[in-house]
Amino acid sequence: PINFNPGIIRGGDWASSVPAWCDIDCRIAILPGWSVADCQAEILSHVAASARDHRFLSNNPPDVEWSGFLSEGYELKDSAEAEAAFGKAHEVVYGGPVHDLVFTALTDTRFYGLNYNIPSLCFGASGAAMHGFNEYVDLDSLRKSTKATALFIAEWCGVEKL
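Residue numbering for the sequence shown is 444 to 605, as defined by this note's numbering.
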């Protein structure tokens with residue numbers, strides 16, 4: 444899913460007065476095939492157009508600063524064969540089919556696909572508080588996900604007798 448999230452909004456110096464400033468930090472995702480530079484230009488155009496019609500902002504135009512992670516969108520195509528091979532490995536270890544998980548984040552699969560044309564699937568152990576100070580991984584799920592990954596690699600890459 445595509446996500447435009449103004450996740451951090453800060454403004455003003457005093458709770459009892461109208462804020463004289465405002466900072467908004469956004470997380471902006473773009474679709475596969477869209478150019479980061481083109482999307483940035485379109486966003487800047489909308490900000491400038493909105494500021495032109497505003498009494499204060501027309502004389503004090505907003506300053507847009509690009510920071511953090513920037514990447515084109517990515518979609519894994521022609522993945523049926525790899526997904527089927529992983530599905531077999533998952534079935535052996537977990538005793539059931541793979542369940543898709545949709546979320547508004549990114550994974551490193553995009554890096555391999557966009558930069559190296561290497562198709563990749565995203566799978567791993569479960570846990571909680573991901574990327575938090577109290578993040579943890581469930582050790583039983585780590586053992587199972589390791590077994591499923593090993594079976595997938597053997598199925599996908601093949602094995603040779605030693």
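All C-beta atoms in this analysis are idealised placements derived from N, C-alpha and C, irrespective of residue type, glycine included.
Assuming contact is defined by CB atoms lying nearer than 8 Å, are residue i and residue j in contact in what I supplied?
{"i": "Gly450", "j": "Trp477", "result": "no"}
{"i": "Leu594", "j": "Ala532", "result": "yes"}
{"i": "Phe529", "j": "Leu564", "result": "yes"}
{"i": "Ile452", "j": "Ile467", "result": "yes"}
{"i": "Ser588", "j": "Phe566", "result": "yes"}
{"i": "Arg470", "j": "Asn448", "result": "yes"}
{"i": "Lys590", "j": "Val541", "result": "no"}
{"i": "Ala494", "j": "Pro504", "result": "yes"}
{"i": "Val479", "j": "Val507", "result": "no"}
Output needed for residue i: all residues of its chain with C-beta closer than 6 Å, excluding positions within five of it in sequence on either side, in chain order.
{"i": "Glu578", "result": "Ala572"}
Specify the secondary structure class of residue i as computed by DSSP and reduced to three states.
{"i": "Gly530", "result": "helix"}
{"i": "Phe447", "result": "strand"}
{"i": "Val580", "result": "strand"}
{"i": "Gly539", "result": "coil"}
{"i": "Gly516", "result": "strand"}
{"i": "Ala525", "result": "helix"}
{"i": "Phe595", "result": "helix"}
{"i": "Gly556", "result": "helix"}
{"i": "Ser563", "result": "coil"}
{"i": "Lys604", "result": "coil"}
{"i": "Thr547", "result": "coil"}
So what does residue i bridge to, in DSSP terms?
{"i": "Ile452", "result": "Ile467"}
{"i": "Ala571", "result": "Tyr579"}
Using a Cβ-Cβ cutoff of less than 7 Å, which residues in the same chain neighbour residue i once the five nearest sequence positions on both sides are dropped?
{"i": "Pro562", "result": "Leu519, Ser522, Ala525 and Gly556"}
{"i": "Ser569", "result": "Asp581 and Ser584"}
{"i": "Gly538", "result": "none"}
Quick one: what's got a C-beta closer than 8 Å to residue i's C-beta in the same chain, skipping five residues either side?
{"i": "His497", "result": "none"}
{"i": "Gln483", "result": "Trp509"}
Quiz prompt | Sequence ranges, alpha helix (DSSP H) only - wholly within the region 459–511, length at least 4 | solution = 479–495
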